[in-house]
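A.B. asks: Residues in the sequence shown are numbered from 9 upward in steps of one, following this note's numbering.
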Amino acid sequence: MVKLLLTRKKKTIMYRKILNMLMFFATIGIFCSTSLQAQESDAVSQVTGKIMDSDGHPISNVLVKSFEAKDKSITNKAGVFSIEVASEKDQLTIDEDGYIFKVIEIIEGELTEPNITILNMGNLENNVRLPFQTFSNNRSVSSTYTITGDELASYPAGTFLETLAGRIPGLQINLFRNNPTEQGASASLRGQGVSFYIDGIIRDPSDLTVYEIETIQVIKDLSGLAALGLSSTNPVMWITTKTGEKFKKNVSISTESGFSSPTAKPEYLDSYNYATLYNEALVNDGLSPLYSSTALAAYQNGSNPLYYPNIDYYNDYVKKASTFSRANLNFSGGDEKVNYFSLLDFVQTKGLEKIGDDTSSNRFKVRGGVNIKLTEKIQFNVNLSGTYQELDNPGQNGNFDLFSYIAGTPANAHAIAYDSKYIVSNDFNSNIENNLLYSGYSEGINLNSQNSASLLLDLDSLLDGLTFTGTAAFDIYSNVRNGKGGSAELYRLLPNNELERTQEEIIEPNLGPLGDNFTRSTTALLSLNYDKTFGKHALTMNASYYSGLVETRRFANYQPVKKQDFSYRSNYAYDDKYVLQLDLAYSGSMKLPDGNRYKVYPTAGAAWIASNESFLKDSKFVNYLKFFGSYGVVGNENFNTFFADSSGNATYNSYYLGTTLWQNVGGWQSGIEGNRGNGVNVYAIQQEGSTNYELPKMSYLNIGIQGELLNKTLAFEANYYARRNYNQISQRSSLTPSLFGTGSFLPLSNYGETKQWGLEGYLQFKNSIGDLKYSFGGNIMYNRSKYVDVDEPEALDDYRKLAGTDTDLYRTYAAEGLYQSESEISSRGVTQSWGDVQPGDIRYQDYNNDGVVDEKDIHITGDHAPRIYYGANLNLKYKGFGLYIVGQGIADGVRSLNTSYFNGSNPRANYSEVLLNRYPVTNDIPRLTTLSQNNYQSSTFWLESAAYFSIKNIELSYTMPKAAGTNFILPNLKFFVRGKNIASFSKLSKYNLDPESISAGVNSFPIYRTFTLGVSCKF
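(1) Answer yes or no: do Ala618 and Ile209 have a C-beta to C-beta separation smaller than 8 Å?
(2) Go ahead and pull the three-state DSSP assignment for Glu863.
(3) Using only alpha-carbon positions, find the residue among Ala991, Thr395, Thr721 that is nearest to Ile453.
(4) Give the secondary structure of Asp524 by DSSP, where H, G and I count as helix, E and B as strand, and everything else as coil.
(5) If we count the other Cβ atoms within 10 Å of its Cβ and call it buried at 16 or more, is Thr383 buried or exposed?
(6) Can you give me the C-alpha to C-alpha distance between Leu464 and Thr142, rounded to a whole angstrom?
(7) How would you label Lys607, buried or exposed, when you count the other beta carbons within 10 angstroms and need 16 or more for buried?
(8) Kindly indicate the opening and closing residues of the alpha helix (DSSP H) around Gly157.
(9) Looking at the structure shown, is Gly674 part of a helix, part of a strand, or coil, going by DSSP?
(10) Please check the pair Arg732 and Lys763, which I expect to be a contact at CB under 8 Å, by giving their CB distance rounded to whole angstroms.
(11) Which class does Ile414 belong to by DSSP, given the choice of helix, strand or coil?
(12) Between Gly448, Thr560, Val569, which has its C-alpha nearest Leu522's C-alpha?
(13) Can a CB atom of chain D be found closer than 8 Å to the CB of Ser81?
(14) Name the DSSP bridge partner or partners of Asp483?
(15) Where does Ile380 land, buried or exposed, given buried means 16+ other C-beta within 10 angstroms?
(16) Distance, Cα to Cα, Gln736 vs Leu743?
(17) Assign Pro122 to one of three DSSP states: helix, strand, or coil.
(18) According to DSSP, which residues form a beta bridge with Ser95?
(19) Three or more C-beta pairs under 8 Å: does that hold for the region 283-297 against the region 223-241?
(20) Just to confirm the assignment: which complete beta strand (DSSP E) runs, minimum length 3, are found wholly within the region 761-785?
(21) Can you tell me whether Arg147 is buried or exposed? The criterion is at least 16 other CB atoms within 10 Å of its CB, across all chains shown.
(22) Which class does Phe349 belong to by DSSP, given the choice of helix, strand or coil?
(23) What does the Cβ neighbour count give for Ser279, buried or exposed, with the cut at 16 atoms within 10 Å?
(24) For the beta strand (DSSP E) that contains Tyr827, what are its first and last residues?
(25) Quick check: what's the CA-CA separation for Ala306 versus Thr938?
(26) Would you grab the beta carbon distance between Cys155 and Ile126 for me? Rounded to a whole angstrom, and I think it's under 8 Å.
(27) So the candidates are Ile515, Glu506, Ser462; which of them puts its Cα closest to the Cα of Asn442?
(28) What separation, rounded to the nearest whole angstrom, lies between the Cα atoms of Asp844 and Asn318?
(29) With DSSP run on the structure shown, which of helix, strand or coil describes Asp806?
(30) Between Arg1017 and the rest of its own chain, which residues show a CB-CB distance below 8 Å, the 5 nearest in sequence each way excluded?
(31) When we look at the beta-carbon of Glu283 and count the other beta-carbons within 10 Å, is it buried (16 or more) or exposed?
(32) For my contact list, Thr649 and Tyr660 are in at a C-beta cut-off of 8 Å; report their separation, rounded to the angstrom.
(33) What is the DSSP secondary structure of Val929, reduced to helix, strand or coil?
(34) Put Val569 into one of helix, strand or coil per three-state DSSP.
(35) Would you call the region 170-188 and the region 887-899 in contact, with 3 or more CB pairs under 8 Å?
(36) Per DSSP, what kind of secondary structure is Trp950 in: helix, strand or coil?
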């Protein structure tokens, strides 16, 4: 056999384009940086000052910089510094960790106020960024949480969402795709999916890097989201990217490399144990054993590996670890006229294939942003970003899943090769080495571009406090995937070491198209803002218009989605104590018929800043205390249009609900054979048009308390929330006799309600003892939901109805253990619906006592899915050393282990070591079978605690002292070791599976545990 060596096309031209783009953005940063430096004056003066905290205590070891003269100084133990400044005009900047960034103007070489006070940053953000408007925290009536991109840099991950795990109250991150080329994570907050807005535009965050993020404002309730109209049904992460700050000039470099290994390694049986258990399953079913005693002995002693192989797939074909690399370079700064930010970023992740080509992803990211103050009244902002990602997958058209193959192929399936020829068998016609080396591959390219420009006008000349913002954005997301197949010659092994060819060699010389998808998004935003203070009265108003068009093409399919929202917000504050807010959204949906697409949705909120009252204003214990709440209603256009009932499934096109749709189901010709008339097309109704419906509605109540205590060392927030989804889209099939139609023949109307409620909050403490700075805290969420009105038959037994029950309860069979004897089976006198039972089969409760276990015995067992989620963090800094730890967990609830890994439901696939504990060895696992379906039913037998705690992130670092940094060639030099998914603790630990995803590493790519070593500097 002539071996085919697969090679990849060189991408020299594309790499050159990327390099040119990187150099372009680097030039922007260098040019802006050097142009600002060119403003320096040769004439300098010396000034002396003292840095103090809000209590008047001197602060030592604070770095002070002069912007024009480019000098640096560090305060001594008395807080005193001396520094050179430009004689005409200069600015001193103080950027100290834990304090608010401060700029001091130097005029004619003089420091007019030598005693400088810098304010403790505390744990609460001073400003809250809401859609189209930024408020001081005192003015906000919304439930929000703020985290910065710098806080997330300690997490060595290729996806931004991973870095949020454990850090935000009420947030759960689910990794649903772990393959390096298909990394996918979803975020849910308070049990609802999260939408992402990047610089005010709804966007995909999958290629976002933590180094380009300034802040993430997590907005949880309607008072913060109402301005988004119909998009406010889900919580939002309002992400603001970096644009640079006045007089804060930085060049930052960070690079790290390390290795990634699976957090879990499934344990499968060797050939002898697999064959023994498979024989046992056959005998249990009254069948003859497949493997003879001779075969079992050969499997056990390894005397004939050609005919009786024992393949250790994990050891032979899965690497213990792959590599991970990340590098970042960014420039930022600004003066009174121009602010800028420029970023270059690279992330590489690889797979675990031990032979052949790795699964791999190489992602390059560039971003450039410039804010230009054209005049005193006009500001112009431009923000551009681009991502180029290469994706390589092994196997035919890139579809080979190494871990699914291992899960489905026992160790004795067949030998791998004989006489340099690949072997297959009648039962297992695939060969792992052929798949990895000769069956083909795929190459994919992701090209994403996000571009926006904004014009800000100060309209004070028309009305004091009036401003206007206009933004236009144009984004493109595209994916092109090409692949090829192929195969080496494959042979079946015959007696006497003879081979019979079953597959000819296949060589495909060219790549073929596998996918060509793109999404194009065009957005326009107009916003008019009014902000004015009249003595004790403060009034802020905003009127916004948002228009978006999203066009998606997948091969020949094309679907445009349009959205328009008009919103108004009015926020009034009296004496910085009492706040009232009203939001009105006038929003339209393409899913409603013409002429009835727009509705008005109101939201109202209030806040009381109790700490500003006279009885608390001078309190040394309470530094800040706010009570707030809001209630609103909005339409929900993300409704379900798939329905299943006893008559079958029905799917409606949500954009054409008011239209009766027909589909071609074939053709017809009149006449008889040999004498036919002209053919005509035959059509059938695909969907009956609906006229009596409107958008479902969602109401949302949030009541919260927020505060800082003990000189801002302790911060806390707690919220109660209640969400009601009502007027849901329904077929009302339970009330419609089948004589009048079923499935998609039924028009849709509004019926159905669910409600959700819960508590969430956080507690964070930070302080210092001498040179030791420390902080620790945690967050927690308790979430419940219930069915209120459900479209279900009135005649249904009460215990089978959903209405009035929690949505997360398990509705399943109740298991009463395993049958232990034939006499127990016969004396019970109950028939189970999946054939005759034997000792070792699961015994199910006959809940309705009718003598038969069937679907009528499915009921609420009292078990429920997780309701309590929590996170914890610890941050220690001592001189230059730092330790940061983040963890997350679940405190209650159960999960089902009813998968083939635990129940052996696919006996010709691989058996796991769990099955060694089957009946009659123990009562932990039912008897093995190749025929009966009794033990695979959903039941309480398979429920296991879902509680776990996972250490998600650790960073151990050392930062060079500032005194060395003032003259060192690389100031602010930091060395670090980072890790993610460090360890997990749960009842699944004994199975060596990951509690966050029990299928990871079994029939999908494993979750990675990653450790990196790196260095960063900022100058």
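Note that beta-carbon positions come from the ideal geometry of N, C-alpha and C, so glycine has one too. Remember, it's a predicted structure, so these values are computed and weren't measured experimentally.
C.D. replies: Let me spell this out:
(1) Their beta carbons are not under 8 Å apart, which means Ala618 does not touch Ile209 by this criterion.
(2) In the structure shown, Glu863 falls within a helical segment according to DSSP collapsed to helix, strand and coil.
(3) Of the candidates Ala991, Thr395, Thr721, the one whose C-alpha sits nearest the C-alpha of Ile453 is Thr395.
(4) Three-state DSSP puts Asp524 in a strand.
(5) So Thr383 counts as exposed.
(6) Distance between the alpha carbons of Leu464 and Thr142: 14 Å.
(7) Per the 10 Å Cβ criterion, buried.
(8) 157-160 is the extent of the alpha helix (DSSP H) around Gly157.
(9) Three-state DSSP puts Gly674 in a strand.
(10) Correct: roughly 5 Å between the Cβ atoms.
(11) In the structure shown, Ile414 sits in a helix (DSSP, three-state: H, G or I).
(12) Selected option, being the one with the closest Cα: Gly448.
(13) In summary, chain D is missing from the structure at hand, where a single protein chain is found.
(14) Answer is Gln458, Ser529, bridged to Asp483.
(15) Counting C-beta atoms within 10 angstroms of its own C-beta, Ile380 has fewer than 16 neighbours from the protein chains shown and is therefore classed as exposed.
(16) Those two C-alpha atoms are separated by around 16 Å.
(17) Looking at Pro122 - three-state DSSP - the assignment turns out to be coil, as it is neither helix nor strand.
(18) Under the DSSP definition of a beta bridge, Ser95 lacks any partner.
(19) Contact between the region 283-297 and the region 223-241 is absent: fewer than three C-beta pairs spanning the two stretches fall below 8 Å.
(20) With a minimum length of 3 residues, the continuous beta strand (DSSP E) runs that stay inside the region 761-785 are 761-777.
(21) So Arg147 ends up on the buried side.
(22) Here DSSP, grouped into helix, strand and coil, assigns Phe349 to strand.
(23) By the neighbour-count rule (16 or more Cβ atoms within 10 Å), Ser279 is buried.
(24) No beta strand (DSSP E) contains Tyr827, which DSSP labels as neither H nor E.
(25) Taking the straight line joining both Cα atoms gives about 24 Å.
(26) Contrary to the premise, residue 155 reads as Ile rather than Cys in this sequence. Not a contact, Cβ separation roughly 22 Å.
(27) Nearest of Ile515, Glu506, Ser462 to Asn442, Cα basis: Ile515.
(28) The C-alpha of Asn318 is placed about 35 Å away from the C-alpha of Asp844.
(29) Three-state result, Asp806: helix.
(30) If we look at Arg1017 and ignore the five residues flanking it on each side, its Cβ neighbours are Ser268, Ser269, Pro270, Thr271, Gly987, Lys988, Asn989, Ile990.
(31) The sequence shown places Ala at residue 283, rather than the Glu named in the question. Ala283 is classed as buried because its beta carbon has at least 16 other beta carbons within 10 Å across all chains shown.
(32) At roughly 4 Å, the Cβ-Cβ gap stays under 8 Å, so Thr649 and Tyr660 are in contact.
(33) In the three-state reduction of the DSSP assignment, Val929 falls in the coil class.
(34) Residue state, collapsed to three classes: strand.
(35) Between the region 170-188 and the region 887-899, the count of Cβ pairs shorter than 8 Å is three or higher; the stretches touch.
(36) Note: Trp950 maps to helix in three-state DSSP.
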